[in-house]
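Asks: Just remember that my numbering sits 13 ahead of the position in the sequence shown, which is counted from 1.
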Amino acid sequence: MTSRFTAVLASRRDVGGTLLVAWLAGVAGVAGSFVVASFTPSFIATPIADGLARHLPGAVITFAIVVLGDLGAKLNVVTALVLATLLLAGVGLVGLAAGPRVDVPLAGPLIATIAGTVVTFVLTGAALASLAAGAGVGAVLTGATLLAATTPAETDAAERRRVLGGAASALAFVTGGYLLGDYLGTGRAPPPDVDPTTDESVVAAVEAALTEADEKSFGVAGLEPLVSEAFYQVDINAADPIVDADEWSLTVTGAVEEETSYSYADVRNRVPDSRFVTLRCVGESLNGKKLDNALWTGVPIMDLVEPTAPADECCVMLRGADGFYEEFPLSALRDGFLAYEMNGDVLPRGHGFPARALIPGHWGEINVKWLTEIEVLEQEQDGYWEKRGWHGTGPVETVAKLHAVNDLSDGRVEVAGHAYAGTRGIRRVEVSTDGGDTWTDAELSEPLPGDDVWRQWRHRYDPPGGEHEVVVRATDGTGTLQPNEERDAFPSGPTGWVSRTIGG
Ligand SMILES: Nc1nc2c(c(=O)[nH]1)N[C@H]1C(S)=C(S)[C@@H](COP(=O)(O)O)O[C@H]1N2
Ligand SMILES: [Mo]
Numbered sequence: 014m015t016s017r018f019t020a021v022l023a024s025r026r027d028v029g030g031t032l033l034v035a036w037l038a039g040v041a042g043v044a045g046s047f048v049v050a051s052f053t054p055s056f057i058a059t060p061i062a063d064g065l066a067r068h069l070p071g072a073v074i075t076f077a078i079v080v081l082g083d084l085g086a087k088l089n090v091v092t093a094l095v096l097a098t099l100l101l102a103g104v105g106l107v108g109l110a111a112g113p114r115v116d117v118p119l120a121g122p123l124i125a126t127i128a129g130t131v132v133t134f135v136l137t138g139a140a141l142a143s144l145a146a147g148a149g150v151g152a153v154l155t156g157a158t159l160l161a162a163t164t165p166a167e168t169d170a171a172e173r174r175r176v177l178g179g180a181a182s183a184l185a186f187v188t189g190g191y192l193l194g195d196y197l198g199t200g201r202a203p204p205p206d207v208d209p210t211t212d213e214s215v216v217a218a219v220e221a222a223l224t225e226a227d228e229k230s231f232g233v234a235g236l237e238p239l240v241s242e243a244f245y246q247v248d249i250n251a252a253d254p255i256v257d258a259d260e261w262s263l264t265v266t267g268a269v270e271e272e273t274s275y276s277y278a279d280v281r282n283r284v285p286d287s288r289f290v291t292l293r294c295v296g297e298s299l300n301g302k303k304l305d306n307a308l309w310t311g312v313p314i315m316d317l318v319e320p321t322a323p324a325d326e327c328c329v330m331l332r333g334a335d336g337f338y339e340e341f342p343l344s345a346l347r348d349g350f351l352a353y354e355m356n357g358d359v360l361p362r363g364h365g366f367p368a369r370a371l372i373p374g375h376w377g378e379i380n381v382k383w384l385t386e387i388e389v390l391e392q393e394q395d396g397y398w399e400k401r402g403w404h405g406t407g408p409v410e411t412v413a414k415l416h417a418v419n420d421l422s423d424g425r426v427e428v429a430g431h432a433y434a435g436t437r438g439i440r441r442v443e444v445s446t447d448g449g450d451t452w453t454d455a456e457l458s459e460p461l462p463g464d465d466v467w468r469q470w471r472h473r474y475d476p477p478g479g480e481h482e483v484v485v486r487a488t489d490g491t492g493t494l495q496p497n498e499e500r501d502a503f504p505s506g507p508t509g510w511v512s513r514t515i516g517g
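1) Taking glutamine 246 as the reference, which of Pro113, Leu494, Glu378 has the closest Cα?
2) Hey, which unbroken runs of the alpha helix (DSSP H) at 4 residues or more fall wholly within the stretch 285-369?
3) Flag this pair as touching only if the stretch 261-269 and the stretch 58-77 have three or more C-beta atom pairs under 8 Å; answer yes or no.
4) Check serine 51 in the structure and name its three-state DSSP category.
5) Using DSSP with H/G/I as helix, E/B as strand and the rest coil, what is valine 265?
6) Can you pull the DSSP bridge partners for glycine 430?
7) Secondary structure at lysine 420, three-state DSSP: helix, strand or coil?
8) Assuming alanine 519 contacts tryptophan 383 under a Cβ cut-off of 8 Å, what Cβ separation, rounded to an integer in Å, is found between them?
9) Count Cβ pairs between the stretch 38-48 and the stretch 221-228 that sit closer than 8 Å; are there 3 or more?
10) Could you pull the start and end residues of the beta strand (DSSP E) that arginine 283 belongs to?
11) Let's see if you can read the secondary structure: which residues bound the alpha helix (DSSP H) around isoleucine 127?
12) Please classify leucine 88 as buried or exposed, where buried requires at least 16 neighbouring CB atoms within 10 angstroms.
13) Assess, as a yes-or-no matter, whether the stretch 233-249 is touched by the stretch 404-419 under the definition of 3 or more beta carbon pairs within less than 8 Å.
14) CA-CA distance, glycine 296 and glycine 30?
15) Between glutamine 469 and ligand 1, is the CB less than 7 Å from at least one heavy atom?
16) The beta strand (DSSP E) spanning threonine 488 covers which residue range?
17) Among the candidates Arg174, Pro203, Gln394, whose CA atom is the shortest distance from the CA of proline 254?
18) In this structure, how does DSSP classify proline 209 when only helix, strand and coil are distinguished?
19) Would you tell me roughly how many angstroms separate the C-alpha atoms of leucine 292 and leucine 84, rounded to the nearest one?
20) If you draw a straight line from the C-alpha of phenylalanine 134 to the C-alpha of isoleucine 387, how long is it?
21) Quick check on DSSP: helix, strand or coil for glutamate 220?
22) Can you give the beta carbon distance from histidine 522 to threonine 406, rounded, assuming they're within the 8 Å contact cut?
23) Does the stretch 269-284 come within contact of the stretch 110-124, defined as at least 3 CB pairs closer than 8 Å?
24) In three-state DSSP terms, what is glutamate 443?
25) Spell out the partners DSSP gives arginine 513 in its beta bridges.
26) With a threshold of 16 other CB atoms inside 10 Å of the CB of threonine 469, please say whether the residue is buried or exposed.
27) If you draw a straight line from the C-alpha of alanine 455 to the C-alpha of alanine 217, how long is it?
28) Touching or not, the stretch 305-315 and the stretch 351-365, by the rule of three or more beta carbon pairs under 8 Å?
29) Which word fits threonine 287, buried or exposed, when buried means at least 16 other C-beta atoms lie within 10 angstroms of its C-beta?
30) Answer yes or no: the CB of valine 409 versus the heavy atoms of ligand 2, is any distance below 7 Å?
31) If you check the beta carbons only, do glycine 490 and arginine 440 fall under 8 Å apart?
32) Report the rounded CA-to-CA distance for threonine 488 versus tyrosine 338, giving the unit in angstroms.
33) Just the C-alpha distance for glycine 528 and glutamate 172, rounded to the nearest angstrom, thanks.
34) Taking the C-alpha atoms as reference points, what is the distance between proline 507 and asparagine 300?
35) Indicate, with yes or no, if ligand 2 has a heavy atom lying under 7 Å from the CB of glycine 108.
36) Kindly indicate which residue of Phe47, Thr75, Leu37 has the alpha-carbon position closest to the one of phenylalanine 503.
Right, dumping it as structure tokens:
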């Protein structure tokens, strides 16, 4: 009775110990992958996170975007990390189970190393980072096997040593890997290996435009200047896609007389132009911060499309190297721009290097990044987000944001923000400090050149004693007042007037 009881206990501990070693192997494998790949597409968790984002039901994704916001994206990455660890832990288990059956020293760790490498390679296609993942799994199994082997029989003591050995080698592998990665300088996504244009007239124009934006910006504490310092980033990727400029091309396909491809050099050899364009994400909250402005350098997109003699068809589908695609009327493409620089620097990977589309006045989602294909369509089709229930291909809604509230030294209160109405432009911003009963015109920043640029607004007032509600609303260039009706971001962008309770 007693002996059977201890046997059960021992075998339980055995199972527990085995699972613990396997889990540690999974952790070390993921860490190994991270040391070499960092947060790039070569990291084992990246394709898993991408797979989740692309294949989870639209309703789940929409909930993550609208309710969880940036937390949703983080949750996705954490889930992917756990799944990657479980996957490599499974590989570790296979090694632990297979090892004793093969009469070769360290057969288990060897099997696990190979299997871990192969599994990771299948997911990421990155050889070195996959080997590091396999090595992490193998290292933990090796440590566990070696330390347990010093105690002859499978006793409790042996099991304890096995777990201890696993933990010690996991720690050693992760620390050693980190130090080595730091020394070798791996663990960083390489920045694009090209230089911005040196054409003197372009460089001078960019500098002049950035200076103009700087001079026209209100210096309000807590408010982004007219050229954003931190431009928001939204895409379906857990890590920025790494696209090689030499291998990249942009092809115009579909209902055209002649399909045409452009290399990076083809695009860069054209006479460039620079323009301010503001972007806003349809999935942001009413007073959210997914609204930003930059100075972009590139070429008019139709200069690349016209030579293909596109049929005068209804629409186009833009496709990116990440598998993202959006469809919209061909007419909207007519004013479109293909940008390869942002604020005088090469387009950052996160914003679409080598090149991205900018479609004036429309929600951010059709401004396809890592653009590889423009397909002229004869019939309408759903884009990536429209397949998931969104309607984000149309013109933006008018909005005035309230992002800064400052107490001035003279006792007044300063409120400020940005206003944006796409190509309609901003004519006026009004502020109420009594919950909407009375309205005063806010001061507007001088307009920047361009057809699709935001403006800043600012208002200073003597605060009434105590709590009061500040409301702000914009009027667009056609004289239409920002809609007061409150609507959520899903499916076609948020509307309503931003209000905030101040004081008290
Ligand atoms: N290839 C690709 N392009 C894309 C996306 C994407 O997921 N993949 N996201 C779109 C969305 S929803 C928005 S709001 C804008 C954001 O551009 P930004 O990240 O440069 O701010 O890019 C658009 N272009
Ligand atoms: Mo977006």
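Beta carbons: idealized from backbone N, C-alpha and C, even for Gly. No experiment lies behind these values; they were computed from the predicted model shown.
Replies: Straight from the coordinates:
1) Position 233 of the sequence shown, counted from the first residue, corresponds to residue 246. That would be Glu378, whose Cα lies nearest to the Cα of glutamine 246.
2) 315-318, 343-346
3) no
4) Locating residue 51 in the sequence shown gives position 38, counting from the first residue. Coil, per DSSP.
5) The residue labelled residue 265 in the question sits at position 252 within the sequence shown. If DSSP states are grouped into helix, strand and coil, valine 265 belongs with the strands.
6) Counting from one through the sequence shown, the residue named residue 430 turns up at place 417. Bridge partners of glycine 430: Trp470.
7) For the purposes of this step, residue 420 is taken as the residue at position 407 of the sequence shown. Correcting the residue identity first, residue 420 is aspartate in this sequence and not lysine. If DSSP states are grouped into helix, strand and coil, aspartate 420 belongs with the strands.
8) With the chain covering only 14 through 517, there is no way to say anything about residue 519.
9) no
10) Walking along the sequence shown from the start, residue 283 turns up at place 270. Counting along the chain, arginine 283 falls outside any beta strand (DSSP E), and DSSP gives it neither H nor E.
11) Looking up residue 127 in the sequence shown gives position 114. Its alpha helix (DSSP H) spans residues 120-137.
12) Against the sequence shown, residue 88 aligns to sequence position 75. That one is exposed.
13) yes
14) The residue given as residue 296 occupies position 283 in the sequence shown. The residue given as residue 30 occupies position 17 in the sequence shown. If I take the Cα positions, the gap works out to 46 Å.
15) The residue you call residue 469 lines up with position 456 of the sequence shown. No - ligand 1 has no heavy atom lying nearer than 7 Å to the Cβ of glutamine 469.
16) Indexing the sequence shown from 1 puts residue 488 at position 475. Segment 481-489, the beta strand (DSSP E) holding threonine 488.
17) In the sequence shown, counting from the first residue as 1, residue 254 sits at position 241. Looking at the Cα atoms, Pro203 is the closest of the given residues.
18) Looking up residue 209 in the sequence shown gives position 196. Proline 209 falls in the coil class under three-state DSSP.
19) Reading the sequence shown from its first residue, position 279 is the one you call residue 292. Reading the sequence shown from its first residue, position 71 is the one you call residue 84. If you take the alpha carbons of leucine 292 and leucine 84, they lie about 21 Å apart.
20) On the sequence shown, position 121 is the one that residue 134 refers to. On the sequence shown, position 374 is the one that residue 387 refers to. Their backbone Cα atoms lie some 31 Å apart in a straight line.
21) Counted from its first residue, the sequence shown places residue 220 at position 207. Looking at glutamate 220 - three-state DSSP - the assignment turns out to be helix.
22) Residue 522 lies beyond the stretch modelled for the chain, which goes from 14 to 517, so this question has no answer here.
23) no
24) Within the sequence shown, residue 443 is the residue found at index 430, counting from 1. Correct three-state label for glutamate 443: strand.
25) The residue labelled residue 513 in the question sits at position 500 within the sequence shown. DSSP, once it has assigned bridges, lists Val483 as partnering arginine 513.
26) As a first step, residue 469 is located in the sequence shown; it is residue number 456 there, counting from the start. Per the sequence shown, residue 469 should be read as glutamine rather than threonine. Label assigned to glutamine 469: buried.
27) Here residue 455 is taken as the residue at index 442 of the sequence shown, counted from 1. Here residue 217 is taken as the residue at index 204 of the sequence shown, counted from 1. Cα to Cα, alanine 455 sits roughly 33 Å from alanine 217.
28) yes
29) Residue 287 sits at position 274 when you count from the first residue of the sequence shown. Position check: residue 287 holds serine in this sequence, whereas threonine was assumed. Buried, since its Cβ has 16 or more Cβ neighbours within 10 Å.
30) Residue numbering aside, residue 409 sits at position 396 when the sequence shown is read from its first letter. Not so, every heavy atom of ligand 2 lies at least 7 Å from the Cβ.
31) Along the sequence shown, one-based indexing puts residue 490 at 477. Along the sequence shown, one-based indexing puts residue 440 at 427. In contact: glycine 490 and arginine 440 (Cβ atoms closer than 8 Å).
32) Here residue 488 refers to the residue found at position 475 when the sequence shown is read from its first residue. Here residue 338 refers to the residue found at position 325 when the sequence shown is read from its first residue. Taking the straight line joining both Cα atoms gives about 32 Å.
33) There is no way to answer for residue 528, as the model of the chain reaches only from 14 to 517.
34) The residue labelled residue 507 in the question sits at position 494 within the sequence shown. The residue labelled residue 300 in the question sits at position 287 within the sequence shown. Their Cα atoms are separated by approximately 9 Å.
35) Numbered from its first residue, the sequence shown carries residue 108 at position 95. No; taking the cut-off as 7 Å, the Cβ of glycine 108 has no heavy atom of ligand 2 nearer than that.
36) Reading the sequence shown from its first residue, position 490 is the one you call residue 503. Measuring from the Cα of phenylalanine 503, the nearest candidate turns out to be Thr75.
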